[in-house]
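Structure first, commentary second.
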Amino acid sequence: MASTGAESAGRFVWLLAPTAPPSRSPRSEAEARDACAFAYDNWRVLPALLPRLERWLGKRASAALLDPLRHRAAAARALAELEETCQRQFRDAFERRDIPHVFLKSSAVRWLAYDDPHERCGWDVDIGVPRTALNGARAVARDLGYFEAEGFVDPPWFRRANPALRAEVERDHYELGFLVRRIRVRGLEPAVEAAIRAHVTAGGRTSWHLTSGGDLACYVVADIHHGISPEISVDPILAASRDTEVHGMRLCLPRPAWLLMHLIYKIYWEGVHEYGKGGYQYADLCRLVPIVDDGEVECLRAIAARFRLEAAVFFVLRRLETEFALPLGAALQRVLADASSPGDGLDPIAQNDLGDMWGKLWGGR
1145 MASTGAESAG
1155 RFVWLLAPTA
1165 PPSRSPRSEA
1175 EARDACAFAY
1185 DNWRVLPALL
1195 PRLERWLGKR
1205 ASAALLDPLR
1215 HRAAAARALA
1225 ELEETCQRQF
1235 RDAFERRDIP
1245 HVFLKSSAVR
1255 WLAYDDPHER
1265 CGWDVDIGVP
1275 RTALNGARAV
1285 ARDLGYFEAE
1295 GFVDPPWFRR
1305 ANPALRAEVE
1315 RDHYELGFLV
1325 RRIRVRGLEP
1335 AVEAAIRAHV
1345 TAGGRTSWHL
1355 TSGGDLACYV
1365 VADIHHGISP
1375 EISVDPILAA
1385 SRDTEVHGMR
1395 LCLPRPAWLL
1405 MHLIYKIYWE
1415 GVHEYGKGGY
1425 QYADLCRLVP
1435 IVDDGEVECL
1445 RAIAARFRLE
1455 AAVFFVLRRL
1465 ETEFALPLGA
1475 ALQRVLADAS
1485 SPGDGLDPIA
1495 QNDLGDMWGK
1505 LWGGR
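What follows is the structure, encoded as structure tokens:
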């Protein structure tokens, strides 16, 4: 299913939020196809989007339109379930070795912000550890069956990494290179397995694939961070992290203010530097913001000031009311108002102010 252009795709951002469905059904088959393409491209949150899309399509819903989405949604949900198992394995192994750690990004937000955490998956399981614990964390990953890999744009999607190239990249980066485990998957419900096989047959880059013997297999990727950017280490996130009981499981997760800041940073930084990347993370933001209390909002303000990310806060959060019909509380309104004015005596680059990312998120300017 082809991606849509920026103008077309931007019309369907309401799908990402539970707060703002449109008031009318699609006016044409072309509009229905564009909405389905938008949902398909945002596969990491597709299980959360699909029921609302189906209701909106109404009489224009058809197997031809929806079957590819249903197949990909089944694959995304099954990947989320695999990632949960892998999170448990990493947690247990890190605790046995006394390695401080915190789960990040989708590996954290799905547990705190989604009623059903399996509606959110990712390319990888994201884990933060202190820089001093990188070797220990790498050893844990190897013991769990992960290998150093490079990603490719054609099958097989992951291959053994060149050690020299990997070492060069890791010297200047804030995370280790890909650590990948290939899991042969058995015991799925027949309907789920059939859907995933149909998804694989349709082609395109996906974690799912078939072995040479025709068995279903999945790549699970671990990203081990010692920072979330070149300037921000995981240390302050770890210091404020909490052991949290979520959906019957105990995990070490960031405090909500840090989770919110990381989301804002990712949406903004990826948005201003690339075209058509990262917009799906608004699905996380629209679910997280309503459960963040005023104390966490003030902590967000302090984090943004410390790392000069007020511009990111302004450009990202100002879209919640206008594009997603998500009302902001008084505390967040104050933070947004304060972030709207540039700081004195600093040029835009010094304030990490690279302008609005909104159009680029959907492939335009």
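So the sequence shown is numbered by my numbering: it starts at 1145 and just counts up by one. A virtual CB, placed ideally from N, CA and C, is assigned to each residue, including glycine.
Name the DSSP beta bridge partners of Leu1472, please? Bridge partners of Leu1472: none, in fact.
Can you name, in chain order, every residue of its own chain whose Cβ lies under 6 Å from the Cβ of Ala1293, other than the five neighbours on each side? If the five residues before and after Ala1293 are omitted, its C-beta is found closer than 6 Å to the C-beta atoms of Phe1302, Ala1305, Phe1322 and Val1324, all from its own chain and listed in chain order.
Between the stretch 1189-1198 and the stretch 1416-1434, do three or more beta carbon pairs fall short of 8 Å? yes
Report, in whole angstroms, the separation of the C-beta atoms of Leu1444 and Val1479, which I expect to be a contact under 8 Å. 7 Å
Alpha helix (DSSP H) segment containing Phe1459, residue limits: Glu1454 to Leu1461
Does the beta-carbon of Gly1272 have 16 or more other beta-carbons within 10 angstroms, so that it is buried, or is it exposed? buried
So what's Gly1321 in DSSP terms, helix, strand or just coil? coil
Can you give me the C-alpha to C-alpha distance between Thr1148 and Ala1217, rounded to a whole angstrom? Below a pLDDT of 50, predicted positions are generally treated as unreliable, and Thr1148, at 43, falls in that range; the measurement from the model is reported next regardless. The straight-line gap from Cα to Cα measures roughly 19 Å.
Reducing DSSP to helix, strand and coil, say where Val1433 ends up. Of the three classes helix, strand and coil, the one that applies to Val1433 here is helix, per DSSP.
Rounded to whole angstroms, what's the CA-CA distance from Lys1249 to Leu1407? Just pull it up for me. Going by the C-alpha atoms only, they are around 7 Å apart.
By how many angstroms is the C-alpha of Phe1247 removed from the C-alpha of Asp1270? Distance between the alpha carbons of Asp1270 and Phe1247: 6 Å.
Can you find the residues in the same chain that come closer than 6 Å, C-beta to C-beta, to Ala1179, ignoring five residues on each side of it along the sequence? Phe1156
With three or more C-beta pairs closer than 8 Å as the rule, is the stretch 1210-1227 touching the stretch 1445-1460? At 8 Å Cβ cutoff, the stretches do not touch.
Helix or strand or just coil, what does DSSP make of Ser1172? coil
Euclidean distance between Cα positions of Val1436 and Gly1358: 46 Å
His1370 in three-state terms, based on DSSP: coil
Our contact map puts Leu1382 next to Pro1492 with C-beta atoms below 8 Å; I'd like the distance itself, whole angstroms only. With 8 Å as the limit, Leu1382 and Pro1492 do not qualify as a contact, their Cβ atoms being about 31 Å apart.
Quick one: grab the DSSP three-state call for Thr1148. Because Thr1148 carries a pLDDT of 43, less than 50, the predicted location of this residue cannot be relied on, and no value is offered for it.
Assigned exposure category for Ala1146 - 16 Cβ within 10 Å defines buried: Note that Ala1146 scores 43 on pLDDT, short of 50, meaning its location in the model is unreliable; the coordinates nonetheless yield the value given after this. With fewer than 16 other Cβ atoms within 10 Å, it is exposed.
Return the CA-CA distance between Ser1351 and Arg1328, expressed in angstroms with no decimal places. C-alpha of Ser1351 to C-alpha of Arg1328: approximately 12 Å in a straight line.
Rounded to whole angstroms, what's the CA-CA distance from Arg1286 to Arg1204? Just pull it up for me. 49 Å
Selection from Gly1507, Gly1489, Leu1429 and Arg1386 that minimises the alpha carbon distance to Arg1254: Nearest C-alpha to Arg1254: Leu1429.
Cβ neighbours of Gln1495 in the same chain (closer than 8 Å, five flanking residues each side left out): Arg1452, Glu1454, Ala1455, Pro1486 and Gly1487
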